[in-house]
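Visitor:
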Amino acid sequence: MTMEKWEKAVGENASKLDFSPKGLEGVLKLKPLYLDRPTTSTAGTASSISTTQTPLCASSLQAIKGANDFEAILLEVVNGVGELWIDVRKETQALSINTFRELVACLDGHRELFPMKNLRLALLPDENFERWYVEFRKAYMEYEFEGSLGIDPLGTLIRKDLPLVSIDQKLREMEQQMAHIAFIAMDEFKSSVQSIFVNGAQYEEAGANAVLELSYALATAKHYLQVLKREAGKNIRLKSQAVAEQFLFSVSVGSDFFLSLTKIRVLRDLFTQMLSEEISESNSVHMPIRIHACPSLREFDPQDVWSNTLRGTAGVWAALVGNADSTLCTLIGHDEKHQALTRFMAINTFHVLNEEAHLSKVCDPASGSYYLEHLYSELSCKVAEELALIEGEGGMVSFWEKRKHIDLAAKANAKSENQQRNSL
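Following the numbering used here, the residues of the sequence shown are numbered contiguously, the last one being 441.
(1) Rounded to the nearest angstrom, what separates T279 and L91 at their Cα positions?
(2) From this set, S212, M362, G329 and Q186, which residue's C-alpha is nearest R307's C-alpha?
(3) Per DSSP, D8 is paired with what?
(4) If you count every other CB in all the chains shown that lies within 10 Å of the CB of N371, and 16 or more means buried, which is it?
(5) When we look at the beta-carbon of M304 and count the other beta-carbons within 10 Å, is it buried (16 or more) or exposed?
(6) At 4 residues or longer, and completely inside the region 278 to 357: list those alpha helix (DSSP H) runs for me, N to C.
(7) Taking all protein chains shown into account, decide if C398 is buried (16 or more other Cβ within 10 angstroms of its Cβ) or exposed.
(8) What's the gap between the Cα of A202 and the Cα of S324?
(9) Are there 16 or more other CB atoms within 10 angstroms of the CB of N252, so buried, or fewer, so exposed?
(10) Determine which residues share a DSSP beta bridge with Q211 and list them.
(11) Which residue wins for smallest C-alpha separation from E403, given the options S257, A227 and V268?
(12) Taking the alpha helix (DSSP H) that F416 falls in, what are its first and last residues?
(13) Return the chain-ordered list of same chain residues with a C-beta closer than 6 angstroms to the C-beta of V400, the five sequence neighbours on each side being excluded.
(14) May I ask you to verify whether the region 267 to 279 touches the region 380 to 396, counting CB pairs closer than 8 angstroms and requiring at least 3?
(15) So does A236 have its beta carbon nearer than 6 angstroms to some heavy atom of the ligand MG?
(16) May I ask you to report which of helix, strand or coil DSSP gives G99?
(17) Using CA atoms only, rank isn't needed, just tell me which of M191, K134 and H368 is closest to M158.
(18) If we call anything under 7 angstroms between Cβ atoms a contact, is E192 one with P170?
(19) Can you give me the C-alpha to C-alpha distance between E373 and F361, rounded to a whole angstrom?
(20) Go through its chain and collect everything with a Cβ distance to L130's Cβ below 6 angstroms, but skip five positions before and after it.
(21) According to DSSP, what are the bridge partners of N216?
(22) Are the beta-carbon atoms belonging to G167 and F214 less than 7 angstroms from one another?
(23) Taking Cβ to Cβ, would you say T330 is nearer than 7 angstroms to T366?
(24) Can you tell me where the alpha helix (DSSP H) with I184 in it begins and where it stops?
(25) Tell me the rounded alpha-carbon separation between D86 and E418.
(26) For a quick check, are the C-beta atoms of L337 and L284 less than 7 angstroms apart?
(27) How would you write the range of the alpha helix (DSSP H) that C398 sits in, first residue to last?
(28) Could you tell me which of L141, R328, L265 and L124 sits nearest to Y160, measuring between CA atoms?
(29) Restricting to Cα atoms, I'd like to know which of L136, F162 and K177 is closest to K144.
(30) Going straight from the alpha carbon of D318 to that of R247, what length do you get?
(31) Expressed to the nearest angstrom, what Euclidean distance is found between the alpha-carbon atoms of S269 and H127?
(32) What is the rounded straight-line gap between the Cα of L345 and the Cα of G332?
(33) Tell me whether L396 is buried or exposed, calling it buried when 16 or more other Cβ atoms sit within 10 Å of its Cβ.
(34) Compute the Euclidean distance between the alpha carbons of F266 and A238, then round it to the nearest angstrom.
(35) Between A357, E221, K155 and W334, which has its C-alpha nearest V369's C-alpha?
(36) Consult DSSP for A225 and reduce its assignment to one of helix, strand or coil.
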């Protein structure tokens with residue numbers, strides 16, 4: 018708008034107008050963006066989004082063996098890490114059950130540094146689900162922390178590239194354990210503990226684009242919903258909110274800021290719609306779905322830490338604006354001698370965005386943007402199409418066993434290459 022049009026609209030010379038707060042009082046009626054407390058938002062297309070105080074997450078990639086490792090973890094928690102993701106898969110051997118007990122006791126012994134109730138612990142087992150659940154429950158009852166027991170039977174077998182049909186009995190046993198633990202957790206823990214993990218990020222790491230990542234994650238989630246319904250039978254009445262509280266999703270975020278935050282929004286809304294379809298009692302307005310955002314490792318260069326810093330910053334920014342419930346900030350590129358500097362930079366990247374830029378204080382900042390709403394609509398439609406294709410093949414298990422995902426990946430890569438050629 019030109020100055021002439023503006024002056025014509027207001028009816029007088031713009032230089033004479035009073036733009037002070039007092040002069041604008043009663044003229045501009047705007048709701049404040051910055052809030053003292055996290056507030057639920059009803060604005061925008063993604064109605065299930067709410068503003069949260071997103072905690073920084075530290076992921077344990079190395080084996081935790083004793084006191085020295087405990088000190089390093091304590092230092093990270095004191096520096097602002099609010100959630101610890103500990104990989105307890107058999108192949109990594111990162112943490113034994115005995116060491117887990119010692120770690121929780123060590124954390125509880127430093128309550129003067131941080132409240133234990135503000136710390137979340139997430140374990141990622143690939144077997145012995147019930148044994149890990151028993152230990153997790155004991156620690157929860159004794160030390161009063163929140164967390165997740167990431168049980169992901171289908172994702173575990175897919176990651177190991179095992180033939181799903183030939184081990185159908187093993188998959189069914191794992192799913193029965195998952196359902197049994199989920200039913201107990203619904204009754205005992207409510208929203209404090211999530212028992213079902215849908216690892217969407219692992220598909221992105223394997224080469225999937227945004228559409229395929231969300232499609233596979235949601236198809237897996239639908240399979241787990243069907244497992245819960247099957248195991249519940251007529252004896253257990255499933256309630257949508259209780260079921261939603263048991264789900265934890267992971268999604269990758271990267272340097273494509275707008276696409277990354279849109280993925281989080283789409284995942285929330287499509288899973289809410291899925292709940293309303295699978296569970297008739299579901300309320301589609303708002304479901305307490307927990308989403309963990311982790312960096313896209315495919316974008317990182319092992320030798321270029323400074324470019325990785327920019328990529329990691331964009332990912333954390335997208336996670337915060339997209340209202341992820343937790344985010345992992347990882348910087349790769351330093352050698353072992355500079356690991357302390359790498360972790361220091363990662364933690365402070367999060368704090369600058371979260372505390373100094375006040376991103377966690379903004380109520381759904383993505384709402385109302387034409388570009389983001391258009392991107393949201395386009396991504397939602399494409400994911401829905403792929404989901405319909407997967408369901409047409411008989412669901413995620415049958416789809417994956419028929420190796421149909423290879424055809425989808427090839428088509429996606431071919432389309433991406435054509436777009437690159439056309440842009441040159």
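No residue lacks a Cβ here, since even glycine has one placed at the ideal position from N, Cα and C.
Guide: In this structure, then:
(1) The straight-line gap from Cα to Cα measures roughly 34 angstroms.
(2) S212
(3) The first residue shown for the chain is 18 and the last is 441, placing residue 8 beyond what the model contains.
(4) buried
(5) buried
(6) 322 to 338
(7) exposed
(8) The straight-line gap from Cα to Cα measures roughly 42 angstroms.
(9) exposed
(10) DSSP, once it has assigned bridges, lists S165 as partnering Q211.
(11) A227
(12) M413 to E418
(13) Once the five neighbours on either side are set aside, the close Cβ partners of V400 are V228, L231 and S232.
(14) yes
(15) Absence of the ligand MG is noted for the structure shown, with no ligands found whatsoever.
(16) Here DSSP, grouped into helix, strand and coil, assigns G99 to strand.
(17) K134
(18) yes
(19) For E373 and F361, the distance between alpha carbons rounds to 17 angstroms.
(20) V95
(21) S267
(22) yes
(23) yes
(24) Element bounds for I184: n/a, residue is neither H nor E.
(25) 40 angstroms
(26) It is not a contact, given that the beta carbons lie outside the stated cut-off.
(27) Per DSSP, C398 belongs to the alpha helix (DSSP H) from Y387 to G409.
(28) L124
(29) First, the amino acid is wrong: residue 144 is Glu here, not Lys. Among L136, F162 and K177, the Cα nearest to that of E144 is on K177.
(30) 45 angstroms
(31) 33 angstroms
(32) 9 angstroms
(33) buried
(34) 9 angstroms
(35) W334
(36) A225 falls in the coil class under three-state DSSP.
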